[in-house]
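Student: Counting in our numbering, the sequence shown runs from 1 upward without gaps.
Ideal Cβ placement from N, Cα and C applies to all residues, glycine included.
Below is one structure. I have some questions about it.
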Amino acid sequence: MSMDLQGKKIVLGLSGGVACYKAAELCRALVKQGAKVQVVMTEAATHFIGTVTMQALSGATVWTDQWDPRMPNNMAHIDLTRGADAVLIAPCSADFIRKLAHGACDDLLSTLCLARPHGVPLLVAPAMNVEMWQNPATQRNVATLQDDGVCIFGPAAGEQACGEVGLGRMLEPEQLLEELVASFQQKVLAGKRVLITAGPTFEAIDPVRGITNLSSGKMGYAIARAAREAGAEVTLVSGPTALATPHGVRRIDVLSAAQMHDAVMAGVEGQHVFIGVAAVADWRVVNASEQKLKKQEGGAPPQLEFAQNPDILAAVAATTSLSGWPYCVGFAAESENLVAYGAAKREKKGIPLLVGNIGHHTFGQDDNAIVLFDDSGHTVLPRADKLTLARQLISEIGKRLEQRSLLT
Ligand code: CTP
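Next up, the structure:
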């Protein structure tokens, strides 16, 4: 398991709302990821979840009251955020958003937010009824917070505890965790649009059978997450996988290479980076049956005829010659002579960066080792879990885009 928050000191603030029950799970997840969590609750939050629960999960005293006599110097509002890496308010009610927007300091949590040191980010996960969220007053307050540099996580749309449906649900603990981890990453792709292919493709033989490969999609999904963490707007065109979509990533599901090609070409305009991670089938079955093929007693097995699939990466690279965008990154799996074959494949594909998998048993694994080929040679990124490698790759892409912009 990754320990992305190892050693991070997080002040987790709860204001009043039903979503307090999700804060318990969030607290547990933060601790599991190595964070040191300090819980502070408003009086309203204590009506929704007990301090004992939050204390047991965080392993630290939960503070609720500015006048708590257990704090010897009465400086809880100052002390709790000194040395903190972030203050995360989850759930953040409409009223607490109002207080933050106006600099209120009439309880411990709002006072510590106001008194937090300049460099400590304030992260807010709204949770409220859809009408409260959409009310212009709340939207004004949210806009004020954004202007003040506060990060707003969510809210999500869906069914609400009150029975109404719409925007206002707090993000799930897992999504908040992803947002929090992302907030600590370098924004090397801020403002960039990134299109990624991932997973296998599936080439139909008949309505229930097909040809596919063992790609799990893990590397492509990790790259999508890392690109989003780096500030990019990410579209992921994915073959069939069992993976959850990384938070904040737009995902388009496809089956065949032809569908993947069409989805990519329909979305490629305006993209700054294209990363072809998918294991695209080289061939499709041209005589696929519309009905399920039946065994014939004593008969011959079906004869399949193949045609070559379009090379998606090459098609995207061809569009680059017109505008200079997108910056194209390909992947290669070689079972031998990686350095020679990788460099040659990059030239043949006409792309600035090619990523070679070291060893060809990477499908489905949680870790990998890769080599980057560009026009100045090759660089090895040693074995690590796929998210770590994905972040390194995104940082390398960011550096190359930066160099490019300096040259042009
Ligand atoms: N690719 C693609 N469309 C295809 C085939 C491949 O976009 N029809 C992309 C893959 O996503 C990957 C790279 O091209 O980024 C892989 O190139 P490819 O030439 O297929 O390499 P290998 O699979 O390594 O094949 P071979 O060794 O047979 O050339």
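Between the C-alpha atoms of valine 273 and tryptophan 325, what's the straight-line distance to the nearest angstrom?
Tutor: 7 Å
Student: What are the start and end residues of each continuous alpha helix (DSSP H) run of 4 or more residues lying completely inside the region 2–35, in chain order?
Tutor: 20–32
Student: Arginine 188: which of Leu167, Gly166, Glu229 and Leu171 sits nearest, CA to CA?
Tutor: In the sequence as presented, arginine is not what sits at residue 188; that position holds valine. Considering only alpha carbons, the answer is Glu229.
Student: Quick one: measure Cβ to Cβ for serine 110 and leucine 123, integer angstroms, because I've assumed they're closer than 8 Å.
Tutor: That pair is no contact at about 15 Å.
Student: Taking 8 Å as the cut-off, is the CB of phenylalanine 306 close to at least one heavy atom of the ligand MG?
Tutor: Annotation note on the ligand MG: not contained in the displayed structure, which lists the ligand CTP as its ligands.
Student: What is the DSSP secondary structure of asparagine 287, counted as helix, strand or coil?
Tutor: Coil.
Student: Can you name the start and end residues of the alpha helix (DSSP H) that histidine 261 belongs to?
Tutor: 257–267
Student: Where do the N-terminal and C-terminal ends of the beta strand (DSSP E) with phenylalanine 373 fall, by residue?
Tutor: 367–374
Student: When we look at the beta-carbon of valine 52 and count the other beta-carbons within 10 Å, is it buried (16 or more) or exposed?
Tutor: exposed
Student: In this structure, how does DSSP classify tryptophan 133 when only helix, strand and coil are distinguished?
Tutor: helix
Student: Is glutamate 396 near the ligand CTP - that is, is its Cβ less than 8 Å away from at least one heavy atom of it?
Tutor: no
Student: Between which two residues does the alpha helix (DSSP H) carrying alanine 314 extend?
Tutor: 312–323
Student: Are the beta-carbon atoms belonging to phenylalanine 306 and leucine 214 less than 9 Å from one another?
Tutor: no
Student: Using only the alpha-carbon positions, how far apart do valine 254 and alanine 300 sit?
Tutor: 32 Å
Student: By the DSSP assignment, the alpha helix (DSSP H) with serine 110 in it spans what residues?
Tutor: 108–114
Student: Classify alanine 198: buried if its beta carbon has 16 or more other beta carbons within 10 angstroms, exposed otherwise.
Tutor: buried
Student: So, alanine 157 versus alanine 19, is the Cβ gap smaller than 9 Å?
Tutor: no
Student: Buried or exposed: which applies to serine 58, given that a residue is buried once 16 or more other Cβ atoms fall within 10 Å of its Cβ?
Tutor: buried
Student: Could you spell out the range, first to last residue, of the beta strand (DSSP E) harbouring threonine 379?
Tutor: 377–385
Student: Could you pull the DSSP bridge partners for proline 200 from this structure?
Tutor: Ala279
Student: Which value, in whole angstroms, describes the spacing of the CA atoms of alanine 94 and glutamate 164?
Tutor: 17 Å
Student: Sorry if obvious, but does the Cβ on aspartate 253 come closer than 8 Å to a heavy atom of the ligand CTP?
Tutor: no
Student: Would a C-beta distance cut-off of 9 Å place alanine 258 and arginine 284 closer than the cut-off?
Tutor: Result yes, Cβ atoms of alanine 258 and arginine 284 sit closer than 9 Å.
Student: In this structure, how does DSSP classify serine 216 when only helix, strand and coil are distinguished?
Tutor: Three-state DSSP puts serine 216 in coil, outside helix and strand.
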